[in-house]
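First to last, the protein sequences are chains A and B.
Our numbering numbers the first residue of the first sequence as 3 and each following residue consecutively.
Our numbering numbers the first residue of the second sequence as 3 and each following residue consecutively.
Note that CB positions come from ideal geometry on N, CA and C, so glycine has one too.
Number of protein chains: 2
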Amino acid sequence: MSTYTPPLKDMQFVLRELAGIEHVAQLPGYEDAAPDLVEAILEEAGKFASGVLAPLNWSGDQEGARFHDKAVTTPAGFKEAFAQFAEAGWIGLSGDVEYGGQGLPKLVSAAVQEMWTASNMSFSLCPLLTLGATEALLLCGSAQQKTTYLPKLIAGKWTGTMNITEPQAGSDLAAIRTRAEPQGDGRYKIFGQKIFITYGEHDLADNIVHLVLARTSGAPEGVKGLSLFVVPKFMVNADGSLGARNDVCCVSIEHKLGIHASPTCVMAFGDDGGAVGELVGKENDGLKYMFIMMNAARFGVGIEGVALGECAYQLALAYAKDRVQGRDIAGSSDGVAIVHHPDVRRMLMLMKAQIEAMRALAYTVAAANDTAARHPDAAERKRSQAYVDLMIPVVKGWLTETGNELTHLGVQVHGGMGFVEETGAAQYLRDARIITIYEGTTGIQANDLIGRKIAREGGATVKAVIALMQRTEAELAQQAGPEFAAIKFALGKGITAVSEAVEYIVANYGNDIRTVSVGAVPFLKLMGIVSGGWQMARAALAAQAKISGGSHGDPFYPAKITTARFYADHLLATAPGLAQIVTHGGAGAMALDVSIL
Amino acid sequence: MSTYTPPLKDMQFVLRELAGIEHVAQLPGYEDAAPDLVEAILEEAGKFASGVLAPLNWSGDQEGARFHDKAVTTPAGFKEAFAQFAEAGWIGLSGDVEYGGQGLPKLVSAAVQEMWTASNMSFSLCPLLTLGATEALLLCGSAQQKTTYLPKLIAGKWTGTMNITEPQAGSDLAAIRTRAEPQGDGRYKIFGQKIFITYGEHDLADNIVHLVLARTSGAPEGVKGLSLFVVPKFMVNADGSLGARNDVCCVSIEHKLGIHASPTCVMAFGDDGGAVGELVGKENDGLKYMFIMMNAARFGVGIEGVALGECAYQLALAYAKDRVQGRDIAGSSDGVAIVHHPDVRRMLMLMKAQIEAMRALAYTVAAANDTAARHPDAAERKRSQAYVDLMIPVVKGWLTETGNELTHLGVQVHGGMGFVEETGAAQYLRDARIITIYEGTTGIQANDLIGRKIAREGGATVKAVIALMQRTEAELAQQAGPEFAAIKFALGKGITAVSEAVEYIVANYGNDIRTVSVGAVPFLKLMGIVSGGWQMARAALAAQAKISGGSHGDPFYPAKITTARFYADHLLATAPGLAQIVTHGGAGAMALDVSIL
């Protein structure tokens, strides 16, 4: 059965050398995030992940969440683990200190979330969704709503959900039909059905706080008529105690490919007279609030990509070291562990290199998020926010697609054993398959990237990022040796590829959006691969500085340089081809009539 | 629930225009394969696949094969379907006429197998394995073995298996330990355990004919000491009736990611005194016979790649036409079916284009196989056999990897519904995951390709294939219009990429096998993509000839040209990057010590 060892050394390296934890710790309000304290926090999180959550991952998958008579039972051990998790304060790690949170920066919570997902993705979704609800209420809720809900959510006494999707409204939020009727006392009655509601019902906590997108009577058509409501499972009395059962219930759960232990619920609102809800923020501003939550959620799903890649890698590596099969291709006739076979090594290096690149990219975006939130200089906040806005679809889209590829490779390394469920590799593949879909498919991310984030501003932010990449390229040129030569060569090609693709998008998006949009996902992959390669190049430079500064023979640093070089040779090498697809792939794609497909 | 419509029009196009069914039908012994008769056969097979097998695919997955007390029960309907299948003569389609087969060429059986797999992969594995056993006995068995087993196997009264893998011997056949002790009467007693035995036990037929790789007492170490044995589940009396139960039984079946209806058995030989077996062919020649079977089996698994891609495509296309979500990106504000969204269209075109390329490549290799077997001219037989030998690892490796990518895309097109098992898209993904593994992983195929098939002969055959590709490129230059210009441009780049990679492999394989082998799988993908692009270019030329010759406005032909152009823009565009990985990716991959991975 699988075990999980938190990759603390690489996490620390990224936090300190690439994401600038020291700078983040100097931002107002983040003074507690001193590097040494953060190190201690990550160690504790790692113990919880490997000691409590990982042992429930496989059993949770096999047992699954069960539904009976409107109630959901989570697998054995989940309830106790959630209580421990809440008790240890993990839910409130990045929560507002005013409501009992620890107020740590996103950079720290990102690293911690990676461990929760890697050790037990199904479990991790409950706190992740709770965090989303917490952020929405903090940003948009009334003072009373905050006082009522936030302390309980942050303490893990209650949990939160996001109720967006309906059968006819998936990616298309304009099609939402759930309606909210004002009752004259400031409250509303909610009627409608929501689907795909993660942890919409469960037995982990006393109350569930549903955040629900709905349409008030007479609201405008489309997305401009959506409002956000808070609808608790149990009404909350003035003293904070639980009151009557609200008219919202789970009517079924989905039979899914993966994340079996995470209940995916069909929720019925108002079947018995109307679910009581309160408006959050202003009427018809629901979409805006949802996008605030969505950006955090999309980042969180991106982290799932690196997390699933990591646990798939650890399992595959352990098997490859243990499994003796065949002889060394260029050596003796004795049997060797398959880790010595070139193609197995290539697969493991593909996993290792892309995991490290994904982690570096995600954590640096998290740090930029912290800067955007707290930096005293408004211009710096704005610059950081523009970078975050640009990179969120890349983090969500590229990390989740890559996470899927890595779980596929994880099975492949196992050979026939990978297809046997008991091995555990197949579970990662199954669990990963949702991450390129929920919180906006890769296609949705890519359209957001080329449209709102690039074309609309004439590519200003992405060109600024390209300039930063070029600075890194110039630094590479100062280094000696074949590794840095290979990294510089490939990064240079990659930067050129991104630049050409950006020029094409900016020049043509306005007059031929359909053709340009065919290249949206190929561009997102290109942007992800080159951004990841940029971070790996920065990592190689940082590692070289450590070596030059006297790293006492720690093999971590030369390995980082070698891994960056592998990434350059095997991933950045695909960048020119992706740019070619972006700039030349549009015409043929839309040419066929639907009837002949 | 999924349905399957046999893609008869494209199959016929490939058979007639690309694979040369007319020429195959002129080969001695294949006179029955006249194009019109073949068309009728494919129509009948299509009816059986869509009418009998497809309806059992989902229910078979959900019910799964069940094991109890050494017996395996297949899902409801499988037994009746197999009886109908056998009765209709489908098992013996390509079987020897002397033993009741219909003696049709591989080109026809390949197309028919595609339909069996696409409609019900789990079911299809029983006749596929039976065919493998039949071929082994036909090629290597004694006259008496042929008379005893072949008519029953071809008629579907009995079925066959291949018993190769053992717990310590997966890809590494040298590690096989199952032993065979001669009994002095020409028979042997077999002792050992085999795993991953497809349909090793079931309730579809009266007897099961196991072909078993084992080691006789005193045989040489390694693969040179392997012999092939036939071990029936029930002994066969002289009159052909069934005798005593042999000492071979199923002790468990695997709990797998996919192909749930296909029992994957652990088989125990000789737990009760020894399983009685007969030597097939000569002692210690087992590996040679196994490779004969293996080439056929590998081709058959390659066909599974295109088959699973096809059924995933059909399901995704139907959903994309039906699902209304969002508005046209450049059009009116009315909701549109998602098939009109550029990224959905891109995904569907990726599926369609690669399916057509895979089918064309596989069928042309099947035709070459028929030529190699039956052409009156020895030089032509040799040339064809060399082409087949070169392309078998490409067909197996590239089609199965691509098939996995397409089932992944099939889920993606469905969005959240794709993750729900009832939709059926996830089953294709699960079922497909084994095909890059069994009958030799992609890594094994790629090593075979660059080593035995290219480096060992200095690249002679692959260079001859490159010359054929260049002839097609020259023909493209004769055509007008942007489609042919795009196809010619991309194919030219692809050919250059293959040539450069081949030169590198041939020049360096001998002195640096480890470094070169890192590029084996990237080269296999490159070879597959360019070979597929070559076939799509041939298809476009054939379609243009049809149009020029008066195709009466049939939209199939212009669509074929557009699809070939899409393939060029989106797949061939990746060829230079793959060549770069092959020629430059070796150094960094093997550099790390295992302890730092």
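- Item | Supposed close pair A:G307, A:T404 - CB separation, criterion 8 angstroms | Confirmed, Cβ separation roughly 6 angstroms.
- Based on Cα-Cα distance, which residue from B:V504, B:V532, B:S533, B:I531 lies nearest to B:S519? B:V504
- Just the Cα atoms here: how many angstroms apart are B:H416 and B:A318? 6 angstroms
- Query: chain A beta carbons: is any one of them nearer than 8 angstroms to that of B:S264?
  - Reply: Taking Cβ atoms only, chain A never reaches closer than 8 angstroms to B:S264, which makes this a no.
- Message: Which residues of the stretch 234 to 254 of chain A have a Cβ closer than 7 angstroms to any Cβ of chain B? Give them in chain order.
- Response: none
- From A:L106 to A:T136, what does the alpha carbon distance come to, in whole angstroms? 15 angstroms
- Can you give, in chain order, each stretch of the beta strand (DSSP E) that sits fully within the stretch 364 to 394 of chain A and has at least 3 residues? none
- Cross-chain neighbours of A:R347 in chain B, by beta carbon under 8 angstroms: V520, A591, M592
- Task: Please check if any C-beta of chain A sits within less than 8 angstroms of the C-beta of B:P395.
- Result: no
- Item | Proximity test, Cβ basis, 8 angstroms: B:G417 and chain A | It does: the Cβ of B:G417 has a partner Cβ on chain A nearer than 8 angstroms.
- Please list, in chain order, all residues of the same chain as A:M592 whose beta carbon is under 8 angstroms from its beta carbon, the five residues on each side excluded. R516, T517, V520
- Item | Those runs of the beta strand (DSSP E) which lie wholly inside the stretch 293 to 365 of chain B and span at least 3 residues | 326 to 329, 337 to 339
- Task: Would you kindly check if the distance between the Cβ of B:F231 and the Cβ of B:L281 is under 8 angstroms?
- Result: yes
- Task: State the start and end residues of the unbroken beta strand (DSSP E) segment that holds B:Q195.
- Result: 189 to 200
- Item | Backbone CA spacing between A:M349 and B:S335 [nearest angstrom] | Distance between the alpha carbons of A:M349 and B:S335 is about 46 angstroms.
- Is A:P37 near the ligand FMN, going by C-beta to nearest heavy atom under 7 angstroms? This structure does not include the ligand FMN; it has no bound ligands of any sort.
- Query: Who are the neighbours of B:G512 on chain A, taking C-beta pairs under 9 angstroms?
  - Reply: For a Cβ distance threshold of 9 angstroms, nothing in chain A lies close to B:G512: the least Cβ distance comes to about 11 angstroms.
- Task: Could you say which of A:L44, A:G275, A:Q28, A:G453 lies nearest to A:A509 if we only look at CA atoms?
- Result: A:G453
- Beta-carbon separation of A:A339 and A:R325 under 8 angstroms? Going by C-beta atoms, A:A339 is nearer than 8 angstroms to A:R325.
- Residue range of the unbroken beta strand (DSSP E) whose run includes B:S254: 250 to 255
- Cross-chain neighbours of A:P557 in chain B, by beta carbon under 8 angstroms: D595, S597, I598
- Query: Is there a Cβ from chain A that is less than 8 angstroms from the Cβ of B:P9?
  - Reply: no
- Message: Which residues does DSSP list as the beta-bridge partners of B:N286?
- Response: BP columns for B:N286 are empty, so no partner.
- Item | Counted within 10 angstroms of its Cβ, other Cβ atoms place A:D12 as buried (16 or more) or exposed | buried
- Continuous alpha helix (DSSP H) stretch holding A:T150: start and end: Its alpha helix (DSSP H) spans residues 145 to 157.
- So, helix, strand or coil for A:R454, using DSSP? coil
- Chain-order list of residues whose beta-carbon lies under 6 angstroms from that of B:I563 (same chain, five-residue window excluded): E485, A542, A545
- Message: Taking only three categories from DSSP, how would you classify A:L17?
- Response: helix
- Message: DSSP has A:C267 in a bridge; who is on the other side?
- Response: In the DSSP output, where bridge partners are listed per residue, A:C267 has A:I199, A:I255.
- Between the Cα of B:K604 and the Cα atoms of B:E100, B:Q170, B:M123, B:A216, which residue gives the shortest distance? Residue 604 of chain B falls outside the range modelled here, since chain B spans only 3 to 599, and no answer is possible.
- Message: Tell me the residue span of the beta strand (DSSP E) that contains A:N209.
- Response: 209 to 218
- Note down, in chain order, each residue of its chain lying with its Cβ closer than 6 angstroms to the Cβ of A:G62, except the 5 sequence neighbours on either side. P77, S124, A263
- Task: Going by DSSP, name the residue or residues bridged to B:R68.
- Result: Paired residue(s): B:T75.
- Roughly how many angstroms separate the alpha carbons of A:M3 and A:Q429, rounded to a whole number? Low confidence applies to A:M3: its pLDDT is 49, below 50, so where it sits in the model is not reliable, and the reading given next is rough at best. Answer to the nearest angstrom: the Cα atoms are 11 angstroms apart.
- B:V214 beta carbon less than 8 angstroms from that of B:N601: Not covered by the structure: residue 601 of chain B. The range shown for chain B is 3 to 599.
- Task: Specify, as a first and last residue, the run of the beta strand (DSSP E) that A:L228 falls within.
- Result: Its beta strand (DSSP E) spans residues 228 to 234.
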